[in-house]
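Going down the list, the protein sequences come from chains A and B.
Residue 75 in UniProt numbering sits at position 75 of the first sequence; the count goes up by one each step and never skips.
Residue 15 in UniProt numbering sits at position 15 of the second sequence; the count goes up by one each step and never skips.
Written below as structure tokens is the structure these notes are about.
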Amino acid sequence: MGHPSPSGGSPDRQAHVGSDPQLLNKMSGSVLSLKNKELSEADLQSLDDRSRKGPAQLSSADAKAAGLQQATPTTILQDLFDISPLLNDAAAAMVDDSFLRCFTSATTDPWNWNVYLMPIWLVGVVVRHGILFPLRMILLLGGFVLFFLAFAIVHNCIKDPKRAQLERVLVQFQCQVFVASWTGVVRYHGPRPDPRPNHVWVCNHTSMIDYIILTAYSPFAVIMQLHAGWIKFLQTRILGSLGCLWFNRNEVKDRVKVTQRMKEHVLQPDSTPLLIFPEGTCVNNEYCVMFKRGAFDLDAVVCPIAIKYNKIFVDAFWNSKRQSFTAHLLPASQCLLYLGLKAWPSQGVNGGKSIPQN
Amino acid sequence: MGQVMSYGLTQTDVEELRTHSGGKFSQQEIEALYKRFRSLDRGRKGYISAEEFMNIPELSINPLSHRLERMCESINFKEFVGLLAAFSRNASREDKLKAIFAVYDIDGDGIVTADDLGLMLRHLAGSSLGEENITMIVQRAFEEGGVTGKGFAFDDFAHALQGSPVQLQVDIPSDW
């Protein structure tokens, strides 16, 4: 796109081309070769060269072309009309495309459809909803109460810098309570993230609980879309202490401001490590969607982390078309949340080119 | 199969669609196509709008995208199946040629006129082909095809593509 038009040039060249039918044949043949979807500079250069050479120099090539012409009399028309490669690609994209596949939830096969399996499943339901769920709720609520009390005390009574440190520890504790309430079994691989200036961490995004799981391991400041409702309260009051950054997707000017704030945060030596989800949306944990640039434009060292959920008990993918956020937070009614978390050592500045996949 | 019934596609519908596509698609393929159609059709309107069509990333970079968008504007499922029937492995060469002809025949009058051809060339070659070259090529094409009337009728078109392997085949994935 945006190539110089071959019709531009000296009027001599135009006259020459127009008057020589065989040259025109060849020219339109190569121009229309729809196997190449784009004309490259090289193509145009060769067309230029051919039109500049005299008829004598072209004779051998001409003869060949003439020979070809006799064999297939409608070469131009075939080149012109045979759009089947392009059309085929288009139809293939209509029938299946890899982008949409990244967002399909896994289909769950019910396993309780048999007379032997049904009683076992019923027992499971009773245990999960009657015993485990209340226990988890008690644990969670108890944890919340403790957390809020402690946080209120720390926030109002203790001054910076101790305050920020303590708040960080408290948030981490609360996230650990969350993970425990889901009976989370997490396997960690790779080096533990440690706060260093000019480092930024990137992770794949499957669900809102990603952040909670990561913070339970090591506190992170995250950059997130500002939501509404009770989540907004959590975001602004509590996570603000970690240095979390909020943005509004709908505001275009916001982007520049946010990038600025991210840079400042990353350069501070004692700030909480900054975590960014470069995919920008929840993906179904089978594939990675193309990363957005923001995280890699900060001129900071990039440390990738990957989270892979084991779907054996529960599918953590938050399909926002299907579930509201609050509905999504109830894997507490399932047996277990099982996942693996892998961190890689830093990849260097502009390491975006070599981010390993899941 | 019981699952698809609850999506709103009854067995009668499937049979009707099979006939409509000239028997080119099997039962499973139609069900798979229906799932695909529903995933493309946000909001369950019953048709795919031009915008949803262009949302498919691999389609928006195809040079034919604008032409196809026009052809596929607000298609319902029946038209969707009809369109893709030419790409089934059971489709004949004539069906495939008809599909290409339909793409070229922009005004839909059954003849590929000089205007149609010029427009298509512009779609395909983008900005790299100047106006004069386009007219020149269209002229040559008419000469080559020995066409005297307004343009290429389907028979002229089929004759022009004689000997050209027209590979139009797309496999419907069954794991949607």
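C-beta: ideal position from N, C-alpha, C; glycine also.
Where residue i falls: helix, strand or coil (DSSP)
i: A86/B; result: helix
i: F152/B; result: strand
i: N76/B; result: strand
i: L341/A; result: strand
i: I48/B; result: strand
i: R196/A; result: coil
i: I56/B; result: coil
i: G8/B; result: coil
i: L117/A; result: helix
i: F99/A; result: helix
i: G108/B; result: coil
i: Q167/B; result: coil
i: G130/A; result: helix
Residue range of the unbroken beta strand (DSSP E) whose run includes residue i
i: Q225/A; result: 221-225
i: Y188/A; result: 184-189
First and last residue of the uninterrupted alpha helix (DSSP H) at residue i
i: V147/B; result: First-last for V147/B: undefined, no H or E at that position.
i: G143/A; result: 133-157
i: H123/B; result: 114-125
i: Y34/B; result: 27-40
i: K24/B; result: Unbroken run through K24/B: none, as it is neither H nor E.
i: V177/A; result: 162-181
i: K96/B; result: 93-104
i: R67/B; result: 65-71
i: I83/A; result: From DSSP, I83/A is part of no alpha helix (DSSP H); its letter is neither H nor E.
Any chain A beta carbon closer than 8 Å to residue i
i: L9/B; result: no
i: G108/B; result: no
i: S39/B; result: yes
i: G82/B; result: no
i: V170/B; result: yes
i: F25/B; result: no
i: L59/B; result: yes
i: Y34/B; result: no
i: L161/B; result: yes
i: A141/B; result: yes
i: I111/B; result: no
i: N76/B; result: no
i: I56/B; result: yes
i: G46/B; result: no
i: G149/B; result: no
i: E73/B; result: no
i: V14/B; result: no
i: I30/B; result: no
Any chain B beta carbon closer than 8 Å to residue i
i: V95/A; result: yes
i: S105/A; result: no
i: N114/A; result: no
i: F81/A; result: yes
i: N285/A; result: no
i: F317/A; result: no
i: F99/A; result: yes
i: D160/A; result: no
i: A216/A; result: no
i: S181/A; result: no
i: A306/A; result: no
i: A164/A; result: no
i: A90/A; result: yes
i: I76/A; result: yes
Cβ of residue i within 8 Å of any chain D Cβ
i: D109/A; result: Going by chain labels, chain D is absent from the structure shown, which instead holds the protein chains A and B.
Proximity test, residue i beta-carbon vs the ligand NAP heavy atom, cut-off 7 Å
i: S174/B; result: This structure does not include the ligand NAP; it has no bound ligands of any sort.
Query - Whole alpha helix (DSSP H) elements within the UniProt domain "Phospholipid/glycerol acyltransferase" (199-310) of chain A, 4-residue minimum - result: Within the UniProt domain "Phospholipid/glycerol acyltransferase" (199-310) of chain A, the complete alpha helix (DSSP H) runs of at least 4 residues are 209-217, 230-233, 254-267.
Query raised in the report: Pairing CB atoms from the stretch 164-175 of chain B with CB atoms from the stretch 89-98 of chain B, are three or more of them under 8 Å?
Result: As far as the Cβ criterion goes, the stretch 164-175 of chain B touches the stretch 89-98 of chain B, which means the pair count is three or higher.
Requested in this report: Inspect the CB distances between the stretch 196-208 of chain A and the stretch 278-298 of chain A and report whether three or more fall short of 8 Å.
Outcome: Contact between the stretch 196-208 of chain A and the stretch 278-298 of chain A is present, because at least three Cβ pairs lie under 8 Å.
**Report entry** Given 8 Å, three or more beta-carbon pairs between the stretch 78-88 of chain B and the stretch 82-97 of chain A
**Finding:** Touching, per the Cβ criterion.
Query raised in the report: Hey, is the stretch 170-184 of chain A in contact with the stretch 143-153 of chain A, meaning 3+ C-beta pairs nearer than 8 Å?
Result: Counting Cβ pairs under 8 Å, three or more are found: they touch.
Query - Segment contact, 8 Å Cβ cut-off, at least three pairs: the stretch 140-160 of chain B with the stretch 76-89 of chain A - result: Contact between the stretch 140-160 of chain B and the stretch 76-89 of chain A is present, with at least three C-beta pairs closer than 8 Å.
Query raised in the report: Would you call the stretch 76-83 of chain B and the stretch 37-54 of chain B in contact, with 3 or more CB pairs under 8 Å?
Result: Segments in contact, yes.
Query - Three-pair Cβ contact test at 8 Å for the stretch 217-230 of chain A versus the stretch 267-274 of chain A - result: Judged by Cβ distances under 8 Å, the stretch 217-230 of chain A makes contact with the stretch 267-274 of chain A, as three or more pairs qualify.
Query raised in the report: Would you call the stretch 339-346 of chain A and the stretch 239-259 of chain A touching, i.e. three or more CB-CB distances under 8 Å?
Result: No, because fewer than three Cβ pairs between the stretch 339-346 of chain A and the stretch 239-259 of chain A fall closer than 8 Å, the two stretches do not touch.
Query raised in the report: Should the stretch 121-132 of chain B be regarded as contacting the stretch 54-65 of chain B, the criterion being three or more beta carbon pairs within less than 8 Å?
Result: Segment contact: the stretch 121-132 of chain B against the stretch 54-65 of chain B, three or more CB-CB distances shorter than 8 Å; contact assigned.
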